[in-house]
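Notes for the one structure printed next.
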Amino acid sequence: MGQATDRVPVNSFCGIEAATRDAYGETLFKLGQENPDIVVLDADLSSSTKTSKFAKAFPERFFNMGVSEQDLMATAAGLSLTGKIPFASTFAIFATGRAWEQIRQGIAYSHLNVKIVATHGGITVGEDGASHQAIEDIALMRVIPEMTVIVPADAYETELVIREIVNFYGPVYVRLGRAKVKPVMPPDYQFRIGKGFVFRLGNDVNIIACGVMVAEALEAADILRKNGIDAGVINMSTIKPLDEELLLESAKARLIVTAEEHSVIGGLGGAVCEFLSSVIPRPILRIGVKDRFGCSGSSKELMKFFGLTSHQIADEIIKKLETLHLMVK
Amino acid sequence: MPVQKRDIEYLKNQARLLRIEILKMLTEAGSGHTGGSLSAADIVTALYFYKLRHKPENPSWAERDRFVLSKGHAAPLLYAVLAMSGYFDRSLLKTLRKLGSPLQGHPCSKMLPGVEISTGSLGQGLSVANGIAMGLKLQGLSSRVYCLLGDGELQEGQVWEAAMSAAHYKSDNLCAIVDLNGLQIDGPISSVKNIEPVDKKFQAFGWNTIEINGHDMTQIVDALDKAEELKGAPTVILARTIKGKGVSIFEGKVKYHGVAPTPEELEIALKELSSGGEVKVPGGEVTVGTGN
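So the protein sequences, as listed, match chains A and B.
Just so we're on the same page, the working numbering is the position in the first sequence counted from 1, plus 118.
Just so we're on the same page, the working numbering is the position in the second sequence counted from 1, plus 15.
What follows is the structure, encoded as structure tokens:
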């Protein structure tokens, strides 16, 4: 285990606008040089998931399982049983949907050290449409006992997450995206599994966000503050285990908002509601895909279509505060 | 490491004792899978008391051969052979399926030493076994991996994904064994959904095939030895068996797939298994086929 200072990698993605999948591919390649136990499996999507760089550099430690996601996950389980640290990658919908039971039975139930790193999470997949847009993956992974679920907010956090999970024994699901994301995490940020990051806590509203929605939430909070609403933002990149202590702290605000590029059912919003409802009476607004399938379009268009942009979030929060008569005079 | 010797009479007697343990634990539990545990008893005896290089006192020995029970419902068979091999005390067998027991209804690797991976949902074990086989090769170890599948299980698509992968990665340290007892829960496999010709299917996927009578101990040990010699491709042993083998009242009966013996049936079974104990062996030639 390295010291905290070892954790900031050379040539890192800090401050860089890039797709989280690109940060994954690059970090995996670097880790491959550092750790001979890392093996990578893909299901004919290595050029999209960005595991291709590792594959080219370490062909003997890369296994393309072809278009066989069930076989991919169970084979990763087998590799982990020989002391390897397998990273199993494909698109989020195929990893968590097609191979859900292989993950449950083969990986999680036996508590194996398999890292499932899936790309193309959420509707920002874009033009490929609903068949390829996972809006249920966080829910599907979160419901499995002993599973850790992480959704990094930007390329830099992705880099830190991928490095951190190598030092953690157990099954992990990491959700990454296809599109470029704005950098949001500060240079001195240290990712810890199960620890949320506070940008700012507000007295009126706190937005608990993950993934690409962290950038939107930060902008939304700026808009809200200009409207006299004291808004805070938390990056809750680990969805399981949830940072309950931080959530309780954030629940001092009048309204809690969750924001995710996922169904409003079962994901971050579901997790936050499950916890807070048992400890404190507080209205919670869930921003996300409202129980419907995705569709084709550019990722930018789709963010707007599904009401996930900063302005839309700010509007929705103001409306909610008015409905609840929580508007600050 | 236990002495693994080619002594057919000894192995036949071990198989008889194994069947007795299986039936006793199933009766005590009051539920569980009788037919498929008995049909594979001779194969599993040959593995644990002849073929596997393993150290029951050190279940995580890195160089051990691995056994993956893909047909996880035959858990009583696995538990009984592990106990007889010395992985844990035999008295634990009577806790099968009871609350708090490490002997879960289907094998759980976290709870019981000697269980390589939790199984029970069919069709997944061959992929895991191939993953282990690939990992062992990366480690530079000569250890082998054995995977026992049921024949109804071959209806799972993932088995064929794994078959394709194992051939592609030339996993010749992997040996699959199919317990072809011909029956599944809803009836004969040929009427529920036909899986034949199994040999041609595996050969088409690039596997070596060895077809044997799965109750003929000589054929079983010969096949396990032969599989180790075949290089460049994985090998599958297609073992023709009888569901419920060893006890006349259970043999060939669909009903005993997932039903435990009653105490009365156990009494009959124990009498049969102790009177001379010779398990009737039908004749049959060993047939070896190859993939490409």
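Don't be surprised by glycine CBs; every beta carbon is placed ideally from N, CA and C.
(request) State the Cα-Cα distance for the pair H429 of chain A and K168 of chain A, rounded to the nearest angstrom. (result) For this step, residue 429 of chain A is matched to residue 311 along the first sequence. For this step, residue 168 of chain A is matched to residue 50 along the first sequence. Using only the alpha carbons, I get a separation of about 32 Å.
(message) Taking the alpha helix (DSSP H) that T21 of chain B belongs to, which residues open and close that run?
(response) Along the second sequence, one-based indexing puts residue 21 of chain B at 6. Inspection of the sequence shows that residue 21 of chain B is occupied by Arg rather than by Thr. Run containing R21 of chain B: none; DSSP gives neither H nor E here.
(request) Give the straight-line distance between the Cα atoms of Q218 of chain B and A178 of chain B, rounded to the nearest whole angstrom. (result) One-based indexing of the second sequence puts residue 218 of chain B at position 203. One-based indexing of the second sequence puts residue 178 of chain B at position 163. Cα to Cα, Q218 of chain B sits roughly 10 Å from A178 of chain B.
(request) Tell me whether E378 of chain A sits in a helix, a strand or coil according to DSSP, three-state version. (result) Here residue 378 of chain A corresponds to residue number 260 of the first sequence, with the count starting at 1. Strand at E378 of chain A.
(request) Can you say whether G247 of chain B is buried or exposed, counting buried as having 16 or more other CB atoms within 10 angstroms of its CB? (result) Start at 1 with the first residue of the second sequence, and residue 247 of chain B comes out as number 232. Label assigned to G247 of chain B: exposed.
(message) Would you call the segment 179-187 of chain B in contact with the segment 182-198 of chain A, where contact means no fewer than 3 C-beta pairs closer than 8 Å?
(response) yes
(message) Quick check: the Cα distance between A148 of chain B and D255 of chain A, rounded to an integer number of angstroms?
(response) Locating residue 148 of chain B in the second sequence gives position 133, counting from the first residue. Locating residue 255 of chain A in the first sequence gives position 137, counting from the first residue. Their Cα atoms are separated by approximately 30 Å.
(request) Just the chain A side, please: which residues come within less than 8 Å of V143 of chain B by C-beta, in chain order? (result) Reading the second sequence from its first residue, position 128 is the one you call residue 143 of chain B. Under the 8 Å cutoff, chain A gives A192, T193, A195, G196, L199, G224.
(request) Determine the chain A residues that contact G135 of chain B at a beta-carbon separation under 8 Å, and present them in chain order. (result) If you number the second sequence from 1, residue 135 of chain B lands on position 120. Q223, listed in chain order.
(message) Please return the same chain residues whose Cβ sits closer than 6 Å to the Cβ of V332 of chain A, not counting the five positions on each side in sequence.
(response) The residue labelled residue 332 of chain A in the question sits at position 214 within the first sequence. Contacts found: A271, V302, N353.
(request) Would you identify the three-state DSSP class for C162 of chain B, choosing helix, strand or coil? (result) Taking the second sequence and counting its residues from 1, one reaches residue 162 of chain B at position 147. Here C162 of chain B sits in strand by DSSP.
(message) According to DSSP, is D194 of chain B part of a helix, a strand, or is it coil?
(response) Here the question's residue 194 of chain B lines up with position 179 in the second sequence. If DSSP states are grouped into helix, strand and coil, D194 of chain B belongs with the strands.
(request) Would you please state the rounded distance, in angstroms, between the beta carbons of E36 of chain B and A89 of chain B? I believe it to be under 8 Å. (result) Numbered from its first residue, the second sequence carries residue 36 of chain B at position 21. Numbered from its first residue, the second sequence carries residue 89 of chain B at position 74. The Cβ separation is near 13 Å, so there is no contact.
(message) Distance cutoff 7 Å, beta carbons only. Does Q173 of chain B sit that close to anything in chain A?
(response) Against the second sequence, residue 173 of chain B aligns to sequence position 158. At least one chain A Cβ lies under 7 Å of Q173 of chain B.
(message) So, with DSSP's three-state summary, where would you put N228 of chain B?
(response) By 1-based counting over the second sequence, the position of residue 228 of chain B is 213. If DSSP states are grouped into helix, strand and coil, N228 of chain B belongs with the strands.
(request) Kindly indicate which residue of B:K113, B:P117, B:R112 has the alpha-carbon position closest to the one of D104 of chain B. (result) The residue given as residue 104 of chain B occupies position 89 in the second sequence. For D104 of chain B, the nearest C-alpha among the options comes from B:P117.
(request) For M126 of chain B, I'd like the list of residues in its chain whose CB is within less than 6 Å of its CB, leaving aside the five on either flank, ordered along the chain. (result) Looking up residue 126 of chain B in the second sequence gives position 111. Answer for M126 of chain B: P117, listed in chain order.
(request) Using the Cα positions of L245 of chain B and P305 of chain A, report the straight-line distance between them to the nearest angstrom. (result) In the second sequence, counting from the first residue as 1, residue 245 of chain B sits at position 230. In the first sequence, counting from the first residue as 1, residue 305 of chain A sits at position 187. One C-alpha to the other measures close to 56 Å.
(message) Can you tell me whether R81 of chain B is buried or exposed? The criterion is at least 16 other CB atoms within 10 Å of its CB, across all chains shown.
(response) Taking the first residue of the second sequence as 1, we reach residue 81 of chain B at position 66. Result: buried.
(message) Taking DSSP's pairing of strands, which residues face K358 of chain A in a bridge?
(response) To locate residue 358 of chain A, count along the first sequence from 1; it is residue 240. Per DSSP, A:V267.
(request) Return the first residue and the last residue of the alpha helix (DSSP H) that A90 of chain B is part of. (result) Position 75 of the second sequence, counted from the first residue, corresponds to residue 90 of chain B. Its alpha helix (DSSP H) spans residues 90-100.
(request) Select from the segment 225-238 of chain A all residues with a C-beta closer than 7 Å to any C-beta belonging to chain B, and list them in chain order. (result) Y227, S228, H229
(request) Report yes or no: do the segment 52-69 of chain B and the segment 136-145 of chain B share at least 3 C-beta pairs separated by less than 8 Å? (result) no
(message) Applying the 10 Å Cβ sphere with the 16-neighbour rule, what's the burial state of E72 of chain B?
(response) Position 57 of the second sequence, counting from 1, holds the residue named residue 72 of chain B. So E72 of chain B ends up on the exposed side.
(request) Using only alpha-carbon positions, find the residue among B:Q29, B:A56, B:N28 that is nearest to K260 of chain B. (result) The residue labelled residue 260 of chain B in the question sits at position 245 within the second sequence. The shortest Cα separation from K260 of chain B among B:Q29, B:A56, B:N28 belongs to B:A56.
(request) Could you pull out every residue in the same chain whose Cβ sits closer than 7 Å to the Cβ of E279 of chain B, ignoring the five residues on either side in sequence? (result) As a first step, residue 279 of chain B must be located in the second sequence, where it is residue number 264. Excluding residues within five positions, none has a Cβ falling inside 7 Å.
(request) Less than 8 Å between the CB atoms is what I'm expecting for I211 of chain A and G412 of chain A, so what's the real figure, rounded? (result) In the first sequence, counting from the first residue as 1, residue 211 of chain A sits at position 93. In the first sequence, counting from the first residue as 1, residue 412 of chain A sits at position 294. Between G412 of chain A and I211 of chain A the Cβ distance is about 10 Å, and since that is not below 8 Å, they are no contact.
(request) Give a yes or no on whether the C-beta atoms belonging to T356 of chain A and I326 of chain A are separated by under 7 Å. (result) Along the first sequence, read from residue 1 onward, the residue named residue 356 of chain A stands at position 238. Along the first sequence, read from residue 1 onward, the residue named residue 326 of chain A stands at position 208. In this structure, I326 of chain A does not lie closer than 7 Å to T356 of chain A by Cβ.
(request) Compute the beta-carbon to beta-carbon distance between T237 of chain A and E379 of chain A, rounded to the nearest angstrom, for a pair I have assumed lies under 8 Å. (result) Counting from one through the first sequence, the residue named residue 237 of chain A turns up at place 119. Counting from one through the first sequence, the residue named residue 379 of chain A turns up at place 261. With a Cβ gap of about 13 Å, T237 of chain A and E379 of chain A do not count as contacting.
(request) Could you name the residues of chain B that M183 of chain A contacts, counting a contact when the two beta carbons are closer than 7 Å? (result) Against the first sequence, residue 183 of chain A aligns to sequence position 65. Going along chain B in sequence order, the residues near M183 of chain A (Cβ under 7 Å) are S180.
(message) Would the segment 270-289 of chain A count as touching the segment 134-147 of chain A if we require 3 or more Cβ pairs under 8 Å?
(response) yes
(request) Ignoring anything shorter than 4 residues or poking outside the segment 96-160 of chain B, list the alpha helix (DSSP H) runs there in chain order. (result) 140-154
(request) Give the residues of chain D in contact with E152 of chain A, contact being defined as C-beta atoms less than 7 Å apart. (result) Chain labels in this structure do not include chain D; the protein chains are A and B.
(message) Quick check on the burial criterion: 16 or more other C-beta atoms within 10 angstroms. Buried or exposed for Y287 of chain A?
(response) To locate residue 287 of chain A, count along the first sequence from 1; it is residue 169. Y287 of chain A comes out exposed.
(request) Would you verify that the beta carbon of K20 of chain B is, or is not, closer than 7 Å to some beta carbon of chain A? (result) Residue numbering aside, residue 20 of chain B sits at position 5 when the second sequence is read from its first letter. Output row for K20 of chain B: interface = no.
(request) Would you decide whether S289 of chain B is buried or exposed? Buried here means 16 or more other CB atoms lie within 10 Å of its CB. (result) Within the second sequence, residue 289 of chain B is the residue found at index 274, counting from 1. Exposed is the call here.
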